[in-house]
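Participant: Let me begin by handing over the structure; questions about it come next.
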Amino acid sequence: MTLGRIVIVLLLLVALVAGASLYYLQIYGYYYAVEPDPGRDVLLVSDATNAPEPIPYDAFQGIDADSSPIRYRACFSTSATPEALAGSYVPVADATPRNAPFWFECFDARDIASEIETGDAQVFLGGKNVRYGVDRYVAITSEGRGFAWNELNNCGAKAYDGTVVGEECPPLDPPTD
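Here my numbering is used: position 15 in the sequence shown is 352, and no number is missing along the way.
This is the structure:
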């Protein structure tokens, strides 16, 4: 084998290892299971108080990652119906769930989006600025299934794309006492 072929084979092996490592880190490596915290996992923002309030739920499963504020996904079941919640909690229009890793089987973004589109599920605001510039959305189906995910809000979109956030946004680094 010539030196040129050895170099090419080595480059291909390095590229293969780097590609496999990148794939693993993006799909599996940064995620961790969210441990259930009863009464704090599933919250909806009240129309009356503009504060998050817990709703009844069980069978909670969640994942998150510290590498990105929008990797949070959760599934649960609830006895609350979208109709009962609609008058008391802040609705979210035009919400589309983000894809979850294929191995987190309870969260299928296409199915959830289809249920939202047909009116079988309604989306509510679950929390404002759960992390800086990130809101939590919660979809509840008429069958009692629920799903939660994080979305960048207006301030977050500006902060992460590098534009000036403006005075309407909270400070990036809140003052410490």
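Every residue gets a Cβ at the ideal spot worked out from N, C-alpha and C, and that includes glycine.
Owing to the predicted nature of the structure, the values given are computational and were not obtained by experimental measurement.
Over the uninterrupted beta strand (DSSP E) stretch that includes residue 420, give me the two end residues.
Facilitator: Counting along the chain, residue 420 falls outside any beta strand (DSSP E), though it belongs to the alpha helix (DSSP H) covering 419-423.
Participant: Using DSSP's beta-bridge definition, name the partner residues of residue 526.
Facilitator: There is simply no residue 526 to check, as the chain begins at 338 and stops at 514 in what is shown.
Participant: In three-state DSSP terms, what is residue 379?
Facilitator: Correct three-state label for residue 379: coil.
Participant: Could you check which residue in 356, 397, 363 has the C-alpha nearest to that of residue 408?
Facilitator: Cα-wise, what sits closest to residue 408 is 363.
Participant: Could you tell me the boundaries of the beta strand (DSSP E) in which residue 343 lies?
Facilitator: Counting along the chain, residue 343 falls outside any beta strand (DSSP E), though it belongs to the alpha helix (DSSP H) covering 340-361.
Participant: Taking its Cβ as the centre, do 16 or more other Cβ atoms sit within 10 Å of residue 378, making it buried, or is it exposed?
Facilitator: Its Cβ being crowded by 16 or more others within 10 Å, residue 378 is buried.
Participant: Tell me which same chain residues have a C-beta within less than 8 Å of the C-beta of residue 445, skipping the five on either side of it?
Facilitator: Closer than 8 Å at Cβ, skipping near neighbours: 437.
Participant: From residue 425 to residue 398, what does the alpha carbon distance come to, in whole angstroms?
Facilitator: So the two alpha carbons sit approximately 25 Å from each other.
Participant: Quick check: the Cα distance between residue 504 and residue 351, rounded to an integer number of angstroms?
Facilitator: Distance between the alpha carbons of residue 504 and residue 351 is about 48 Å.
Participant: DSSP three-state label for residue 466, please.
Facilitator: Residue 466 falls in the strand class under three-state DSSP.
Participant: For residue 471 and residue 485, I'd like the C-alpha separation in whole angstroms.
Facilitator: Cα to Cα, residue 471 sits roughly 13 Å from residue 485.
Participant: Should residue 359 be labelled buried (16 or more other beta-carbon atoms within 10 Å of its own) or exposed?
Facilitator: Exposed, because fewer than 16 other Cβ atoms sit within 10 Å of the Cβ of residue 359.
Participant: Going by DSSP, which residues form a beta bridge with residue 391?
Facilitator: Partner(s): 380.
Participant: Apply the 10 Å Cβ neighbour rule to residue 389 and answer buried if 16 or more other Cβ atoms are within range, or exposed otherwise.
Facilitator: That one is buried.
Participant: Do the CB positions of residue 428 and residue 479 come within less than 8 Å of each other?
Facilitator: Their beta carbons are not under 8 Å apart, which means residue 428 does not touch residue 479 by this criterion.
Participant: Between residue 367 and residue 411, is the Cβ-Cβ spacing less than 8 Å?
Facilitator: Not in contact: residue 367 and residue 411 (Cβ atoms no closer than 8 Å).
Participant: Please list, in chain order, all residues of the same chain as residue 462 whose beta carbon is under 6 Å from its beta carbon, the five residues on each side excluded.
Facilitator: Taken in chain order, the residues that qualify are 382, 427, 429.
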